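Novice: Got a structure for you, written out below as C-alpha cells; questions coming shortly.
Structure (C-alpha cells):
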C-alpha cells in the first residue's frame, strides 16, 4: 500500500482510533495496511497513531500535538461505467450522480438524480474493474429534502460497508467504506426517494 504525506511538521493531527509502537514511517505504514479501518497515521516519537477516513476529513476535531507528520493512503478516484436506480422521476437519471456536475440545486442545476416519491430509493453503479474501495464522497441536494439522506446503507457487491445514521443534514461528506468489489450501491433506509447530486468513490 502506498502512502503520501498530507501534513509535515503539523501541530494538529486527526483523532486516533488506535495506537502502536513504530520505529519508522515504514512500520506505521505496515501497521495501517493491516488494519481494515485505517486511512492513515500520524507519527511522533516512535508512536503510530492510526485514524480512519472520517477523522481525517473532520479537521475541526483534530487534536493539538507536538509537530508530527501526517500520512494517508494514496487513493485515486475510480470511474463508474454503468448505473441503475430504483425508479426515475422528472428526468433524474442515474448517470447524473457521476457527470461531474456538483450543483446542489435540483431546479437550477439539473445535475441530481431523482427517484419516485413513496418508494424507498436505491442507486447502484459499476466500476470498470474490481477495486479496494476506501471511501465515498456524497454531494447532497440542498434546495430541498436534504434530511432524506441521513439514513442510508452503502454497499459493495451487496455487502454493507457503511450504515449512515446522521442526526443532522450534510452538504458534502465523506463516508468510510472499506471493501473490495466492483458494484457500489446506496439504499435509503427511510422509505424516501433519492435526490443526490454527485457520488465519487476512491480506492486502489
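In my numbering, the protein residues as written are 104 to 307.
Even for Gly, the Cβ is constructed at its ideal location relative to N, Cα and C.
All of these numbers come straight from a predicted model, not from anything done at the bench.
#1: Anyone know if the C-beta pair for residue 153 and residue 185 falls short of 8 Å?
#2: State the DSSP-derived secondary structure class of residue 178, mapped to helix, strand or coil.
#3: Are the region 120–137 and the region 264–283 touching by the rule of at least three beta carbon pairs closer than 8 Å?
#4: Please tell me whether, using a cut-off of 7 Å, the distance from the CB of residue 266 to the nearest non-hydrogen atom of the ligand SAH is below it.
#5: Apply the 10 Å Cβ neighbour rule to residue 226 and answer buried if 16 or more other Cβ atoms are within range, or exposed otherwise.
#6: Using a threshold of 8 Å, state whether the C-beta atoms of residue 216 and residue 147 are closer than that.
#7: Return the residue from the list 221, 222, 219, 195 that minimises the CA-CA distance to residue 209.
#8: Starting from residue 209, trace the alpha helix (DSSP H) in both directions and tell me its first and last residue.
#9: Report the start-end ranges of each alpha helix (DSSP H) in the region 150–209 that is 4 residues or longer and not cut off at the edges.
#10: Residues in its own chain within less than 7 Å of residue 114 by CB, not counting five upstream and five downstream?
#11: Can you tell me where the alpha helix (DSSP H) holding residue 132 begins and where it ends?
#12: Report back the beta-carbon spacing between residue 243 and residue 157 to the nearest angstrom; my notes put them in contact at under 8 Å.
#13: Give me the Cβ distance between residue 259 and residue 305, rounded to the nearest whole Å; I'm assuming they're in contact under 8 Å.
#14: Using only CA atoms, which one of 241, 266, 294 lies nearest to residue 199?
#15: What are the boundary residues of the beta strand (DSSP E) that includes residue 229?
#16: Could you tell me the alpha carbon to alpha carbon distance between residue 205 and residue 275, rounded to whole angstroms?
#17: Tell me whether the beta-carbon of residue 230 lies closer than 8 Å to the beta-carbon of residue 189.
Specialist: A quick look at the data gives this:
#1: Locating residue 153 in the chain shown gives position 50, where the first residue counts as 1. Locating residue 185 in the chain shown gives position 82, where the first residue counts as 1. No, they are not a contact pair.
#2: The residue you call residue 178 lines up with position 75 of the chain shown. Of the three classes helix, strand and coil, the one that applies to residue 178 here is coil, per DSSP.
#3: The region 120–137, when compared against the region 264–283, does not touch it at the 8 Å Cβ threshold.
#4: Annotation note on the ligand SAH: not contained in the displayed structure, which lists no ligands.
#5: Stepping through the chain shown from its first residue, residue 226 is reached at position 123. The Cβ neighbour count for residue 226, taken over all protein chains shown within 10 Å, is at least 16; the residue is labelled buried.
#6: Along the chain shown, one-based indexing puts residue 216 at 113. Along the chain shown, one-based indexing puts residue 147 at 44. The answer is no: Cβ separation not under 8 Å.
#7: Within the chain shown, residue 209 is the residue found at index 106, counting from 1. Answer by Cα proximity: 195.
#8: For the purposes of this step, residue 209 is taken as residue 106 along the chain shown, with counting starting at 1. Residue 209 -> alpha helix (DSSP H) spans 209–212.
#9: Counting whole runs of 4 or more residues, the region 150–209 contains the alpha helix (DSSP H) stretches 156–160.
#10: Taking the first residue of the chain shown as 1, we reach residue 114 at position 11. If you ignore the 5 residues before and after residue 114, its C-beta comes within less than 7 Å of the C-beta of 167, 168, 170, all in its own chain and listed in chain order.
#11: Here residue 132 refers to the residue found at position 29 of the chain shown. Unbroken alpha helix (DSSP H) run through residue 132: 128–136.
#12: As a first step, residue 243 is located in the chain shown; it is residue number 140 there, counting from the start. As a first step, residue 157 is located in the chain shown; it is residue number 54 there, counting from the start. Between residue 157 and residue 243 the Cβ distance is about 16 Å, and since that is not below 8 Å, they are no contact.
#13: Reading the chain shown from its first residue, position 156 is the one you call residue 259. Reading the chain shown from its first residue, position 202 is the one you call residue 305. In fact, because the Cβ distance is near 13 Å, the residues do not count as touching under 8 Å.
#14: Taking the chain shown and counting its residues from 1, the one referred to as residue 199 is at position 96. Put simply, of 241, 266, 294 the residue whose alpha carbon is nearest the alpha carbon of residue 199 is 241.
#15: Stepping through the chain shown from its first residue, residue 229 is reached at position 126. 225–242 is the extent of the beta strand (DSSP E) around residue 229.
#16: Your numbering for residue 205 matches position 102 in the chain shown. Your numbering for residue 275 matches position 172 in the chain shown. Rounded to whole angstroms, residue 205 to residue 275 spans 10 Å at the Cα level.
#17: Within the chain shown, the letter at position 127 stands for residue 230. Within the chain shown, the letter at position 86 stands for residue 189. Against a cut-off of 8 Å, the Cβ pair of residue 189 and residue 230 comes out as no contact.
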